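For reference, the structure discussed in these notes is given below.
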Amino acid sequence: MASITIRNLDDETKQALRERAAQNGRSMEQEVRCLLDDAVSSGSGPEQKPRLNPAQDYTETVSISAVDEEFGNYPGAGKSVLLIISGGIAAYKSLDLIRRLRERGVEVRCVMTDAAAQFVTPMAVGAIAGGQVFSDLWDRASEQDIGHIRLSREADLVIVAPATADLMAKMAHGLADDLASAVLLANNRPVLIAPAMNPQMWANPATRRNAALLAADGISFVGPASGEMAESGEAGRGRMAEPLEIVAAVGKLLDDRPRPLAGIRAVVTSGPTHEPIDPVRYIANRSSGKQGHAIARTLAQYGADVTLVSGPVNLPDPDGVETIHVETAREMASAVEAQFPCDLAVMVAAVADWRSAATATEKMKKQDGKGPGSLELVENPDILKMVGHSADRPRLVVGFAAETQNLETNARAKLKRKNADWIIANDVSPEGGVMGGDRNQIAIIDAKTTLKLPDLSKTEVATQIVERIADWFAENTASA
Ligand code: C5P
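Here the sequence shown stands for residues -12 to 467, numbered as in the working numbering.
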């Protein structure tokens, strides 16, 4: 994901941009965006991402630029934040926060208070943020063009992490005696604070009053959490939220994408199921859950209210999704049923077709000379079939067909048998590396058409499927 760092432009360009931005009453960042938008709409800019057309077989023809698979369309990608680090022991976590935001494509500029520099060095912060760290309100170089105003104007969001009781008090009362507080007072951007302090300080009536004032001023909070304090023997509420929680809160605040699936309730299954044989052994398959989780996350990003029913996987729960963890096919079936009525079902899980007829309560022992015992298998419930034939059937039912041969024929048969609206067929032959891998090549099959997509990342596959789902609901929902 490309991003432009304004401070890396040469001085002449920067000056021209500054004047243009001032004339148009925009920040420099906004000005760059407008210039790029103009360039793209006049046709001189970079080529736009192609929208796939169901009438065409794209297998050979379309290549779509890869997005960052691991972080799956983070809503803040391509945006910039100003991180203000104030002086608390939790400042060490800010280094991790910077790293995690940057790896998701967010540009991070940093301001540190003098007290913060007692806990982490500006050198470390600058090295991880990949730029200069600002800390001096009287810095001649940056204040010549009113740096404390520019710093926040050029950001999409201002984050204060950690936010000490002292800085919260200054913010609540409009003090501006150092760069951090001056930036915050001159700021016109949304602000997110991650308070971090001793539990007695957090509970102190003065901090309570300040927190209430800040909340009333529209400032967003993440944390603090309860737990052990750095001071030995102290525990309670006051720990700074973990970097990934802050990243999630930042993502929500920066998310300005349209939400075409708002009001749609969806249930998604993902991952394998584990069917126990005895307390230590089970039947499973190689599904990683990556595709199902990417679909659940993308549906939520498009505004759907999503419940993900996940078998055992090695993945974090997707942001913005309610995740129910199950082990077996039968548990998955009842968790899915409990979501009815809903509008959409996307059944991605590689559910084990069979389970052991009996589950031993003790570990089955090898008995010398007797050879292996035999395992009696019984069939598991077919969840997709149950959903497709349910009296409460969702309006759109989507299944997957993982096949190693006769992909399209088998998928079409499945569409009928399970009463699904679409089957997403994918070839899971071992040489393709789909099971557990990061890429997938699918065909979307409905009663009439087959749309073959090129080899894409699983995140991009999720986007392609979810865009089609959004189109389907737009076409099949009567306007009031
Ligand atoms: O019959 P097959 O397992 O190939 O069908 C695959 C589709 O059916 C997938 O959407 C999968 O999630 C779903 N399925 C299910 N319950 C099963 C078996 C498959 O929901 N027991």
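Here a beta-carbon is modelled for each residue, glycine too, at the ideal position from N, C-alpha and C. Since this is a predicted model, take the numbers as computed values, not measurements.
From the DSSP output, in three-state form, read off Ala388 for me.
-> Of the three classes helix, strand and coil, the one that applies to Ala388 here is strand, per DSSP.
Cβ of Asp355 within 8 Å of any chain D Cβ = Given the protein chain composition of this structure (a single chain), no chain D is represented.
Short Cβ contact (8 Å threshold) for Ala144 with Ile71 | Note that residue 144 is Leu in the sequence shown, not Ala. No, they are not a contact pair.
Taking Cβ positions, are Leu383 and Asp408 nearer each other than 8 Å?
-> It is a contact, given that the beta carbons lie within the stated cut-off.
Pocket of the ligand C5P defined by Cβ to heavy atom distance under 5 Å = In chain order, the residues with a C-beta atom nearer than 5 Å to some heavy atom of the ligand C5P are Met334, Ala336, Val338, Asn367, Asp369, Ile370, Leu371, Gly386, Phe387.
For Pro186, three-class secondary structure by DSSP | Pro186: helix per DSSP, three-state reduction.
Leaving aside the five residues before and after Arg426 along the sequence, list all residues of the same chain whose C-beta is less than 7 Å from its C-beta, in chain order.
-> Its chain contains Asp442, Leu443, Ser444, Lys445 as the residues whose beta carbon lies nearer than 7 Å to that of Arg426, once the 5 sequence neighbours on both sides are disregarded; these appear in chain order.
What number of angstroms, rounded off, separates the C-alpha of Arg475 from the C-alpha of Gln187?
-> The structure shown does not extend to residue 475, since the chain spans only -12 to 467, so no value can be given for it.
According to DSSP, is Leu362 helix, strand or coil?
-> Note: Leu362 maps to coil in three-state DSSP.
Return the CA-CA distance between Ile206 and Ala193, expressed in angstroms with no decimal places.
-> Distance between the alpha carbons of Ile206 and Ala193: 17 Å.
Specify the secondary structure class of His312 as computed by DSSP and reduced to three states.
-> DSSP places His312 in strand when its eight states are reduced to three.
Reducing DSSP to helix, strand and coil, say where Pro264 ends up.
-> For the record, residue 264 in the displayed sequence is Ile; it is not Pro. Here Ile264 sits in coil by DSSP.
Take Lys372 and list the residues in its own chain whose beta-carbon comes closer than 6 Å to its own, dropping the five residues that flank it on each side.
-> If we look at Lys372 and ignore the five residues flanking it on each side, its Cβ neighbours are Lys405.
Would you decide whether Ser67 is buried or exposed? Buried here means 16 or more other CB atoms lie within 10 Å of its CB.
-> Buried, by the Cβ-count rule.
To the nearest angstrom, report how far apart Ala291 and Val19 are at their CA atoms.
-> Using only the alpha carbons, I get a separation of about 32 Å.
Rounded straight-line distance, which links the Cα of Ala412 to that of Glu395 | In a straight line, the C-alpha of Glu395 is about 7 Å away from that of Ala412.
Pick from Met216, Ile85, Pro149, Ala78: whose alpha carbon is nearest that of Phe106?
-> Distances from the alpha-carbon of Phe106 to those of Met216, Ile85, Pro149, Ala78 put Ala78 closest.
Rounded straight-line distance, which links the Cα of Ile282 to that of Ile452 | Between Ile452 and Ile282, the C-alpha separation is close to 8 Å.
What is the rounded straight-line gap between the Cα of Cys329 and the Cα of Pro303?
-> The alpha-carbon atoms of Cys329 and Pro303 are separated by roughly 24 Å.
Apart from the five residues on each side of it in sequence, which residues of its chain come closer than 7 Å, Cβ to Cβ, to Pro109?
-> So the list reads Met99, Val120, Ser122, once near-sequence residues are dropped.
Ala347 and Ile270 look like a contact to me (Cβ under 8 Å); what is the Cβ gap, rounded to whole Å?
-> Taking the Cβ atoms as the reference, Ala347 lies roughly 13 Å from Ile270, outside the contact range of under 8 Å.
Considering only C-alpha positions, which residue in the set Ala167, His280, Glu349, Asn175 is nearest to Ala253?
-> That would be His280, whose Cα lies nearest to the Cα of Ala253.
Nearest to Thr260 by alpha carbon, out of Ile370, Lys157, Lys239?
-> Nearest to Thr260 by C-alpha distance, out of Ile370, Lys157, Lys239, is Ile370.
Leaving out the 5 sequence neighbours to the left and right, which residues in its chain are closer than 6 Å to Ala320 when beta-carbon positions are compared?
-> Contacts found: Pro368, Ile370.
Would Lys401 be called buried (16 or more neighbouring beta carbons within 10 Å of its own) or exposed?
-> Buried.
Give me whichever residues DSSP pairs with Val98 in a beta bridge.
-> When beta bridges are read from the DSSP output, Val98 appears opposite Ile71, Phe121.
Hey, how far is the Cα of Lys439 from the Cα of Val323?
-> Taking the straight line from one Cα to the other gives about 29 Å.
Per DSSP, Pro259 is paired with what?
-> As a beta-bridge residue in DSSP terms, Pro259 pairs with Ala337.
Pick helix, strand or coil for Arg226, following the three-state DSSP scheme.
-> Arg226: strand per DSSP, three-state reduction.
Starting from Pro245 and walking both ways along the beta strand (DSSP E), at which residues does that stretch end?
-> Boundaries for Pro245: no beta strand (DSSP E) harbours it, and the DSSP string shows neither H nor E there.
Taking only the alpha-carbon atoms, compute the straight-line gap between Val335 and Asn301 and give it to the nearest angstrom.
-> Here the C-alpha atom of Val335 lies approximately 16 Å from the C-alpha atom of Asn301.
Beta-carbon contacts of Leu82 that lie in its chain and below 8 Å, excluding the five residues immediately before and after = If you ignore the 5 residues before and after Leu82, its C-beta comes within less than 8 Å of the C-beta of Val107, Ala111, Val112, Ile115, all in its own chain and listed in chain order.
Cα-Cα separation between Val178 and Val308, rounded to whole angstroms = Cα to Cα, the separation comes out at about 24 Å.
Closest by C-alpha distance to Val93, when choosing among Ser257, Ala148, Ser213, Asn60 | Among Ser257, Ala148, Ser213, Asn60, the Cα nearest to that of Val93 is on Asn60.
What is the residue span of the beta strand (DSSP E) that Glu215 lies within?
-> Element bounds for Glu215: 212 to 215.
Express the C-alpha separation of Pro299 and Gly424 in angstroms, rounding to a whole number.
-> Roughly 17 Å between the two C-alpha positions.
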